[in-house]
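Participant: For the sequence shown, the working numbering gives the first residue as 276, with consecutive numbering after it. Sharing a structure here in structure tokens format.
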Amino acid sequence: MEQMQTLFREGVLSHLEQLETLSHSLAERQEQSRRQEEVVQEKREILLQLKKERDELQAKIKQQSKEIQVLSATDEGSRRPQPSTQEAMRDLRLEEMEAAMEALWFTGISGKKTEHGFCFCLSTAFEGHYLDSYYVEVKNLENPRIVRHSIPIFIPLAKITKHLQSNQKKFLTDLADHLNGFAGRKFQADRLQDPPGLCVPDTLQRNSLHTVISFSYNVPIDGRTFCFSAKLLYGAITGVLPTEALVTCPETAGPVQEAASSHAALFRSTPLHRAMESLTA
């Protein structure tokens, strides 16, 4: 009887040590998140200033556009704008494009003027890691349309393009949000396989958009190793954290099921590869 009590105490102490290690790891992640939030706040202030300058420039552009329309209306002898007016309208559209570029340059969006329009480059990143870049070429600034691009087919480009003619900045930011969400989710899933051991080999599955990710992993509890299965669902296509996390284990013992619940909560609040590193440490 005394030996059983000793084993029970040792198991409880082992479980408490694991919980303490997990708590310490979470505290470090929270501190990293706080520092990242400070950086984001600084960038947000810069963005607000850039937005203010952009609004002032757009107001000036609208005023010039009205003046051009008045001048064009006085020309009763023609049914369509003269070449000089067309050039002026094209210049105004070009100014709008350049203003959008100035406001978005530090978010990973850049662009350059081409012979017939504009070519945009959207670079993706996650947690300081620079990932893939994508390109969109827009032709005919008076009535802009996409002529070439390298956007993956599973990104809803047609839906996002509806903003291209009326609001170029919204078009670019929406497209960048979709691409960064995809790149961030893919980066996390790829990291499960590097280094080996974060998940059980050949169990990682994901769809093209990486909005559904499932895998299995082993975690020691009270001196025994248990296999857990996780399925992560990303309801927000631009998000990098799952909106739903399902974690199961065939073992029905209380401590194991409690661990499964805590794992699910961790997956919903922490990037996937970092959550796995803390669980398998």
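Note that beta-carbon positions come from the ideal geometry of N, C-alpha and C, so glycine has one too. Just so we're clear, the structure is a prediction, and the values are computed from it rather than from any experiment.
1) Using CA coordinates, which residue listed in Ser537, Gln316, Ser483 and Asp407 is at the minimum distance from Ala520?
2) Which residue spans inside the segment 488-534 form an unbroken beta strand (DSSP E) run of at least 3?
3) Which whole-angstrom value describes the C-beta separation of Phe401 and Ala458, a residue pair presumed to lie in contact below a C-beta threshold of 8 Å?
4) Does the segment 463-477 come close enough to the segment 420-432 to have 3 or more Cβ pairs within less than 8 Å?
5) How would you label Ala535, buried or exposed, when you count the other beta carbons within 10 angstroms and need 16 or more for buried?
6) DSSP three-state call for Phe429: helix, strand or coil?
7) Have a look at Glu390, Thr478, Tyr492 and Pro530 and flag the residue whose alpha-carbon is nearest the alpha-carbon of Phe503.
8) Taking three-plus beta-carbon pairs below 8 Å as touching, is the segment 448-456 in contact with the segment 392-400?
9) So, with DSSP's three-state summary, where would you put Leu397?
10) Which stretch, first to last residue, makes up the beta strand (DSSP E) that contains Glu412?
11) Report back the beta-carbon spacing between Thr496 and Val522 to the nearest angstrom; my notes put them in contact at under 8 Å.
12) Rounding to the nearest angstrom, what Cα-Cα distance links Ile430 and Lys444 in this structure?
13) Have a look at His484 and Ala550 and give me their C-alpha separation to the nearest angstrom.
14) Please classify Lys500 as buried or exposed, where buried requires at least 16 other C-beta atoms within 10 Å of its C-beta.
15) For my contact list, Arg481 and Leu516 are in at a C-beta cut-off of 8 Å; report their separation, rounded to the angstrom.
16) To the nearest angstrom, report how far apart Cys394 and Gly383 are at their CA atoms.
17) What does the Cβ neighbour count give for Pro525, buried or exposed, with the cut at 16 atoms within 10 Å?
18) Less than 8 Å between the beta carbons of Ala505 and Ser489, yes or no?
19) Where does Gly392 sit, in a helix, a strand or coil, going by DSSP?
20) Using a 10 Å radius around the Cβ and a threshold of 16 neighbouring Cβ atoms, would you call Thr486 buried or exposed?
21) So who's on the other strand from Ile384, going by DSSP bridges?
22) In angstroms, rounded to a whole number, what distance separates the CA positions of Glu417 and Asp407?
Facilitator: On the basis of the data shown:
1) Counting from one through the sequence shown, the residue named residue 520 turns up at place 245. If we check each option's Cα against that of Ala520, Ser537 comes out closest.
2) You should have 499-508 and 519-523.
3) The residue you call residue 401 lines up with position 126 of the sequence shown. The residue you call residue 458 lines up with position 183 of the sequence shown. Distance from Phe401 to Ala458 at the Cβ level is roughly 6 Å; contact confirmed, criterion being Cβ atoms closer than 8 Å.
4) Contact fails: fewer than three Cβ-Cβ distances are below 8 Å.
5) One-based indexing of the sequence shown puts residue 535 at position 260. So Ala535 ends up on the buried side.
6) Counted from its first residue, the sequence shown places residue 429 at position 154. Phe429 falls in the coil class under three-state DSSP.
7) Translated into the one-based positions of the sequence shown, residue 503 becomes position 228. Closest by alpha carbon: Tyr492.
8) A contact is defined here as three or more CB-CB pairs under 8 Å, and the segment 448-456 meets this definition with respect to the segment 392-400.
9) Within the sequence shown, numbered from 1, the residue matching residue 397 stands at position 122. In this structure, Leu397 counts as strand in the three-state DSSP scheme.
10) Looking up residue 412 in the sequence shown gives position 137. Annotation for Glu412: the continuous beta strand (DSSP E) segment containing it runs His404 to Lys414.
11) Reading the sequence shown from its first residue, position 221 is the one you call residue 496. Reading the sequence shown from its first residue, position 247 is the one you call residue 522. According to the sequence shown, residue 496 is Ile rather than Thr. For Ile496 against Val522, the beta-carbon gap comes to about 13 Å, at or over 8 Å, which does not count as contact.
12) As a first step, residue 430 is located in the sequence shown; it is residue number 155 there, counting from the start. As a first step, residue 444 is located in the sequence shown; it is residue number 169 there, counting from the start. Rounded to the nearest whole angstrom, the CA to CA distance from Ile430 to Lys444 is 18 Å.
13) Taking the sequence shown and counting its residues from 1, one reaches residue 484 at position 209. Taking the sequence shown and counting its residues from 1, one reaches residue 550 at position 275. Per the sequence shown, residue 484 should be read as Leu rather than His. For Leu484 and Ala550, the distance between alpha carbons rounds to 21 Å.
14) Counted from its first residue, the sequence shown places residue 500 at position 225. Inspection of the sequence shows that residue 500 is occupied by Thr rather than by Lys. Classification for Thr500: exposed.
15) The count along the sequence shown starts at 1 and reaches residue 481 at position 206. The count along the sequence shown starts at 1 and reaches residue 516 at position 241. About 15 Å separates the two Cβ atoms, so there is no contact after all.
16) By 1-based counting over the sequence shown, the position of residue 394 is 119. By 1-based counting over the sequence shown, the position of residue 383 is 108. Whole-angstrom Cα-Cα distance: 14 Å.
17) Here the question's residue 525 lines up with position 250 in the sequence shown. The residue in question, Pro525, is exposed, as its Cβ has fewer than 16 Cβ neighbours within 10 Å.
18) In the sequence shown, the residue the question calls residue 505 occupies position 230. In the sequence shown, the residue the question calls residue 489 occupies position 214. Yes, Cβ-Cβ distance for Ala505 and Ser489 is below 8 Å.
19) Counting from 1 along the sequence shown, the entry for residue 392 is found at position 117. Collapsing the DSSP output to three states places Gly392 in a strand.
20) Sequence index remark: in the sequence shown, residue 486 carries index 211 (1-based). Classification for Thr486: buried.
21) Indexing the sequence shown from 1 puts residue 384 at position 109. BP columns for Ile384 point to Leu397.
22) In the sequence shown, the residue the question calls residue 417 occupies position 142. In the sequence shown, the residue the question calls residue 407 occupies position 132. Rounded to the nearest angstrom, the two C-alpha atoms are 30 Å apart.
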